[in-house]
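**Student:**
In our numbering, the protein residues as written are 2 to 70.
#1: Taking contact to mean at least 3 C-beta pairs separated by less than 8 Å, is the region 6 to 20 in contact with the region 28 to 36?
#2: Enumerate, from N- to C-terminal direction, the unbroken beta strand (DSSP E) stretches of 3 or more residues contained entirely within the region 2 to 65.
#3: Alpha carbon to alpha carbon, what distance is there between residue 24 and residue 46?
#4: Roughly how many whole angstroms lie between the Cα atoms of residue 64 and residue 57?
#5: Can you check which of these residues, 3, 2 and 13, is closest to residue 54 by C-alpha distance?
Structure representation (structure tokens):
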């Protein structure tokens with residue numbers, strides 16, 4: 002049985018390359034999320050997304066106002 006983390010990573014792997022942010026950008030975004038007070042067990046307390054998946058999508062942004070990334 003797959004864990005939630007495995008399923009998220011698989012979804013990112015299957016994401017079309019043109020929709021996926023560069024790995025370095027993903028890492029920078031996740032570093033910001035990991036330091037954020039709104040982070041709750043891998044999800045954003047503002048919008049409910051899985052931050053790892055949100056950070057992987059090229060055209061996404063942080064839901065904070067103002068956005069942190």
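Virtual Cβ for every residue (Gly too), placed ideally from N, Cα, C.
Note that the coordinates shown come from a computational prediction; the quantities given were computed from them, not determined experimentally.
**Tutor:** In short:
#1: Too few Cβ pairs lie closer than 8 Å, so no.
#2: The qualifying runs do not exist here; there are none.
#3: Distance between the alpha carbons of residue 46 and residue 24: 24 Å.
#4: Roughly 15 Å separates the two Cα atoms.
#5: That would be 13, whose Cα lies nearest to the Cα of residue 54.
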